[in-house]
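Student:
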Amino acid sequence: MGFPLERIVTFQSTGALGYGIEYAYSIQERQRLAALGGDKMMAMPAICDIGSESWRCKEAKLADAPGWGDLSDRGPMWEAATAICLLQAGVDILRMWHPKAVATVRNFIDEIWTGSR
Numbered sequence: 002m003g004f005p006l007e008r009i010v011t012f013q014s015t016g017a018l019g020y021g022i023e024y025a026y027s028i029q030e031r032q033r034l035a036a037l038g039g040d041k042m043m044a045m046p047a048i049c050d051i052g053s054e055s056w057r058c059k060e061a062k063l064a065d066a067p068g069w070g071d072l073s074d075r076g077p078m079w080e081a082a083t084a085i086c087l088l089q090a091g092v093d094i095l096r097m098w099h100p101k102a103v104a105t106v107r108n109f110i111d112e113i114w115t116g117s118r
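When we follow our numbering, the leftmost residue of the sequence shown carries the number 2, and every step to the right adds one.
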């Protein structure tokens, strides 16, 4: 097709925490292992749509569930936990929605990158 490889980003299915996260993690893990094995097509950056998948889960948005914690914290934490899990699987680009979730993930990245808190 003549499309330059440096303009390709892969997108695999994204499942939120508890809703297919094992499947999404496994796909990403296999993609990264193939890339490390020399497969140039699997070495492309991977993007995950964390925000929309996370906020579709009832745990992230159900207001009438006090046993699950405060709604204003629960949703962003659900999104952040999903993002961190997929980062550890090898995702390169995260598409996120909630500013609190983004801040949490940035803090996580800073901690693992620099080793400081």
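Glycine included, every Cβ here is placed at the ideal spot set by N, Cα and C.
Which residue marks the beginning of the alpha helix (DSSP H) containing Cys86, and which one marks its end?
Tutor: Looking at the DSSP string, the run of the alpha helix (DSSP H) that includes Cys86 is 72 to 90.
Student: Check the DSSP bridge columns for Arg96 and list the partner residues they point to.
Tutor: In DSSP, Arg96 forms a bridge with Asp50.
Student: Quick one: what's Phe12 bridged to in DSSP?
Tutor: The partner list for Phe12 (beta bridge, DSSP) reads Ile48.
Student: At what residues does the alpha helix (DSSP H) containing Arg33 begin and finish?
Tutor: Taken as a continuous stretch (DSSP letters only), the alpha helix (DSSP H) holding Arg33 covers 22 to 37.
Student: Put Leu6 into one of helix, strand or coil per three-state DSSP.
Tutor: Residue state, collapsed to three classes: helix.
Student: Counting pairs of Cβ atoms below 8 Å between the region 76 to 96 and the region 28 to 36, do you hit three or more?
Tutor: Taking 8 Å as the limit for Cβ pairs, the verdict is that the region 28 to 36 does touch the region 76 to 96.
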